[in-house]
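Here's the structure we're looking at; comments come further down.
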Amino acid sequence: MVTNTQGERFITLFIAKYNEQTRKLNYINAGHNATILYSEGEAIPLKLGTTMIGAFEDLPFINEGEIDIEPGSLLVNYTDGLVDIEPSGDKVWGEDQLNDFVLSHGELSPDAFNQALMDHLNLNIKGKPIDDITILTLRIF
Numbered sequence: 008m009v010t011n012t013q014g015e016r017f018i019t020l021f022i023a024k025y026n027e028q029t030r031k032l033n034y035i036n037a038g039h040n041a042t043i044l045y046s047e048g049e050a051i052p053l054k055l056g057t058t059m060i061g062a063f064e065d066l067p068f069i070n071e072g073e074i075d076i077e078p079g080s081l082l083v084n085y086t087d088g089l090v091d092i093e094p095s096g097d098k099v100w101g102e103d104q105l106n107d108f109v110l111s112h113g114e115l116s117p118d119a120f121n122q123a124l125m126d127h128l129n130l131n132i133k134g135k136p137i138d139d140i141t142i143l144t145l146r147i148f
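First residue of the sequence shown: 8, per our numbering; consecutive thereafter.
Structural data, given as structure tokens:
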């Protein structure tokens, strides 16, 4: 990446591998917004990893995260456009508010969760996104 762009571009990335037998999720977050794991009433940001790809010739460090996944857990992965919304009026929206939303809606199906989240943004926040929004939500049984 550095060779191709001379360090003028970068990529953020969240990559994970799930083992069905051990129920362990191994992941590396490379400068991406933290994927949120909703499990047993808790919302856990998955932050361990490294810096964004392309900013350095060699990555200065890599910390692999590992977490046990309970049946019924929900994973919410999203791009920065979801939390980079220009607020309209006094409504604030960012990572803390998204975390609260996950806590209160984490039992929904992935499709219902995504729809409720977008409805919430459109009806309550009413701000305009600074960037595009992509959401990948899945439930692990």
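Ideal placement from N, C-alpha and C gives every residue a C-beta, glycine not left out.
Please read these numbers as outputs of a predicted model, since none were measured by experiment.
Excluding five sequence neighbours on each side, which residues of the same chain lie with their C-beta closer than 6 Å to the C-beta of residue i?
i, result
"L32", "A23, Y25, I74 and I76"
"A50", "I43, N106, V109 and L110"
"Y34", "A23, L53 and G72"
"S46", "E77 and S80"
Do you know offhand how far residue i's Cα is from residue j's?
i, j, result
"Q105", "E15", "Residue identity check: residue 105 is Leu in the sequence provided, not Gln. Looking at the two C-alpha atoms, the distance is approximately 30 Å."
"G61", "T10", "9 Å"
"T12", "G48", "43 Å"
"E27", "D126", "33 Å"
"V83", "N129", "19 Å"
"L89", "E114", "20 Å"
"I92", "W100", "7 Å"
"L66", "S116", "37 Å"
"D139", "K133", "15 Å"
"Q122", "Y85", "14 Å"
Of the residues the options, which one's Cα is nearest the Cα of residue i?
i, options, result
"F120", "D138, K133 and R146", "R146"
"G38", "A123, L53 and Y45", "L53"
"F63", "F17, L124 and R30", "F17"
"L143", "D103, L55 and D87", "D87"
"K98", "N131, F148, T29 and L55", "N131"
Can you list, in chain order, the residues of its chain whose CB lies under 7 Å from that of residue i, leaving out five sequence neighbours each side?
i, result
"L20", "A37, H39 and I60"
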